[in-house]
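Quick notes on the structure that follows.
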Amino acid sequence: MQQWNPHSQSHFSQLNVKNPSFGTMEEYWSRSSHINSRTHTLEGLTLSSNQAVRSNEPSNDEIEYIGDPQLIAIVGDEDTCVGFLLAGIGQTDESFGPNFIVVGPKMDDFQLELMFLDLLERPDIGLLLITKEAAGKIPHVIGRHTGMNPTIMAIMGLLSSIFRWQ
Numbered sequence: 001m002q003q004w005n006p007h008s009q010s011h012f013s014q015l016n017v018k019n020p021s022f023g024t025m026e027e028y029w030s031r032s033s034h035i036n037s038r039t040h041t042l043e044g045l046t047l048s049s050n051q052a053v054r055s056n057e058p059s060n061d062e063i064e065y066i067g068d069p070q071l072i073a074i075v076g077d078e079d080t081c082v083g084f085l086l087a088g089i090g091q092t093d094e095s096f097g098p099n100f101i102v103v104g105p106k107m108d109d110f111q112l113e114l115m116f117l118d119l120l121e122r123p124d125i126g127l128l129l130i131t132k133e134a135a136g137k138i139p140h141v142i143g144r145h146t147g148m149n150p151t152i153m154a155i156m157g158l159l160s161s162i163f164r165w166q
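For the sequence shown, the UniProt record's numbering assigns the number 1 to the initial residue and increments by one for each residue that follows.
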C-alpha cells in the first residue's frame with residue numbers, strides 16, 4: 001500500500017481506496033456529474049479530484065442550513081437525566097422552561113402527561129428522549145403523536161432490568 005503524501009498534487013489517487021460501489025476515488029470523481037467541475041466546498045475546505053486545500057473564498061456550492069438548530073429533550077429517572085445533563089444537553093429557557101423532566105417514583109401519570117405535552121409543543125426541540133419506564137406511564141400520549149418534530153425515541157433508563165445489579 002502506498003504512503004499518503006499531503007503535499008502531492010494527486011493524493012486521492014495515491015490512496016487508491018477501493019469501494020465496490022464506485023471503485024477508486026479517481027473513478028468516483030470522474031463519474032461525479034453532480035459536482036460542478038469536480039470541486040465541492042464544505043465549511044471552507046475545497047475538495048477536488050487532485051487536491052484538498054483550504055479556501056477562504058465564498059463558493060456557490062456551500063451548504064446552507066434550513067432552520068434553526070434544535071434541542072434534545074430528556075424525560076426519565078434522575079440518574080438518566082443527570083447523565084444527559086452532564087453531557088451538555090440541558091437548557092433552561094425563560095419562555096419555555098427546562099428541556100428535561102425528572103420522573104420520580106412519586107410523580108403521578110397526569111402530571112407527567114401535562115409536562116410531556118408541554119415538551120411536545122415546544123418549537124425548539126427536535127429530539128425527545130424518554131426512558132422506557134416513563135414511556136410506559138403515558139403510552140396513549142406517545143401513541144397520539146404523529147408529527148415528525150420532535151422525534152420521540154425510547155431509551156433504556158438506569159432502572160431498566162438490563163442495568164440492575166444482581
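Where is the CB? At the ideal position from N, CA and C, for every residue including glycine.
query, result
"Beta-carbon gap between residue 174 and residue 80 smaller than 9 angstroms", "The requested residue 174 does not occur in the structure, where the chain is confined to residues 1 to 166."
"Closest residue to residue 155 among 94, 66, 73 and 95 (Cα-Cα distance)", "73"
"Cα-Cα separation between residue 146 and residue 121, rounded to whole angstroms", "13 angstroms"
"Straight-line gap, residue 77 to residue 149 (C-alpha atoms, nearest Å)", "23 angstroms"
"According to DSSP, residues forming a beta bridge with residue 153", "129"
"CA-to-CA distance, residue 126 to residue 109, given in whole angstroms", "24 angstroms"
"Enclosing beta strand (DSSP E) for residue 76 [first to last residue]", "71–76"
"For residue 82, the residue or residues it bridges with in DSSP", "Answer by DSSP bridge pairing: none, since residue 82 is not bridged."
"Cross-strand partners of residue 98 (DSSP beta bridge)", "92"
"CB of residue 90 within 9 angstroms of CB of residue 96, strictly", "no"
"Per-residue DSSP class, three states only, for residue 136", "helix"
"Whole-angstrom distance between residue 107 and residue 71, CA atom to CA atom", "24 angstroms"
"Rounded straight-line distance, which links the Cα of residue 67 to that of residue 139", "30 angstroms"
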